[in-house]
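Undergrad: First residue of the sequence shown: 39, per my numbering; consecutive thereafter.
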Amino acid sequence: MKPGFLFFGFAANGGIVKVSGIIPVIVLCFLILSPCAAFSSDGKEAVKVYLDMRTAYGKWDDGLFGSRKYYKGRLVVYLNQKTGKRIETGFDFVPDMPGTLIRREMYSEFVFGKWLVIHGTPGRKSLEALKKKGIIYLRNIEKMKYLYSVSGTIRKFRLTELSGKRRIHLYLDDLEIESLKK
Numbered sequence: 039m040k041p042g043f044l045f046f047g048f049a050a051n052g053g054i055v056k057v058s059g060i061i062p063v064i065v066l067c068f069l070i071l072s073p074c075a076a077f078s079s080d081g082k083e084a085v086k087v088y089l090d091m092r093t094a095y096g097k098w099d100d101g102l103f104g105s106r107k108y109y110k111g112r113l114v115v116y117l118n119q120k121t122g123k124r125i126e127t128g129f130d131f132v133p134d135m136p137g138t139l140i141r142r143e144m145y146s147e148f149v150f151g152k153w154l155v156i157h158g159t160p161g162r163k164s165l166e167a168l169k170k171k172g173i174i175y176l177r178n179i180e181k182m183k184y185l186y187s188v189s190g191t192i193r194k195f196r197l198t199e200l201s202g203k204r205r206i207h208l209y210l211d212d213l214e215i216e217s218l219k220k
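(1) For residue 106 and residue 154, what's the separation of their Cα atoms in angstroms?
(2) Is it right to say residue 174 is buried, meaning 16 or more other beta carbons lie within 10 angstroms of its own, or is it exposed?
(3) DSSP has residue 200 in a bridge; who is on the other side?
(4) Since residue 115 is in the beta strand (DSSP E), which residue starts that stretch and which ends it?
(5) On a CA-only basis, which of 97, 104, 156 is nearest residue 131? Give me that one, please.
(6) Under the DSSP definition of a beta bridge, which residues are partnered with residue 216?
(7) Pull up the DSSP beta-bridge partners for residue 195, would you.
(8) Below 8 Å, how does it come out for the region 118 to 131 and the region 86 to 101: are there three or more Cβ pairs, yes or no?
(9) Apply the 10 Å Cβ neighbour rule to residue 69 and answer buried if 16 or more other Cβ atoms are within range, or exposed otherwise.
This is the structure:
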């Protein structure tokens, strides 16, 4: 037998399949290391903050009677560590334009995204980008349900728990709104 790498896997019929060579090892390493490489830049770090916050919120929301307080404490510690850091959400916000411009808050229209409420004044750059698209586009935002991503620097936060509905309120500086539809 030639020297080299040996990789064992399980076949569909329950037997063990032996694959030798370096190609399966490279593919396996790529699959293991690719999620880690996705968060190497600063922009991806902001997305990681959002994903980690969503995971921590899920533990707080889904926790049993005794563990909710524990997970809420962990979420508060996590959010305190991330104050002053940048966050970027996924494209799951549908802004209600009067609410966004007057009340200065955004929330997700989707059921799975109602856990996060974003407060802040949209930056001049974001508002100019919306103005360039025209008044018809602004009128169609609510009708057509255009999706937006929100990013900014976390200034402060608040956790609310009213009638079984738990929410995270983030107050952002340098708020930027990016449209999925260009």
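Glycine residues also receive a C-beta, built at the ideal position from the N, C-alpha and C atoms.
The structure presented is a predicted model; accordingly, all values stated were derived computationally and were not measured.
TA: In terms of the structure at hand:
(1) The residue you call residue 106 lines up with position 68 of the sequence shown. The residue you call residue 154 lines up with position 116 of the sequence shown. Using only the alpha carbons, I get a separation of about 18 Å.
(2) Stepping through the sequence shown from its first residue, residue 174 is reached at position 136. Looking at its Cβ environment, which holds fewer than 16 other Cβ atoms inside 10 Å, residue 174 is exposed.
(3) Residue numbering aside, residue 200 sits at position 162 when the sequence shown is read from its first letter. For residue 200, which the question treats as bridged, DSSP gives the partners 203.
(4) Mapped onto the sequence shown, residue 115 falls at position 77. Here residue 115 belongs to no beta strand (DSSP E); instead the alpha helix (DSSP H) covers 105 to 120.
(5) Here residue 131 refers to the residue found at position 93 of the sequence shown. If we check each option's Cα against that of residue 131, 156 comes out closest.
(6) As a first step, residue 216 is located in the sequence shown; it is residue number 178 there, counting from the start. Partner(s): 187.
(7) Working through the sequence shown from its first residue, we reach residue 195 at position 157. Residue 195 pairs with 208.
(8) Touching, yes, given that three or more Cβ pairs across the two stretches are closer than 8 Å.
(9) Position 31 of the sequence shown, counting from 1, holds the residue named residue 69. In this prediction, residue 69 has a pLDDT of 39, which is less than 50 and means its spatial position is unreliable; what the coordinates show is noted afterwards. Burial call: exposed.
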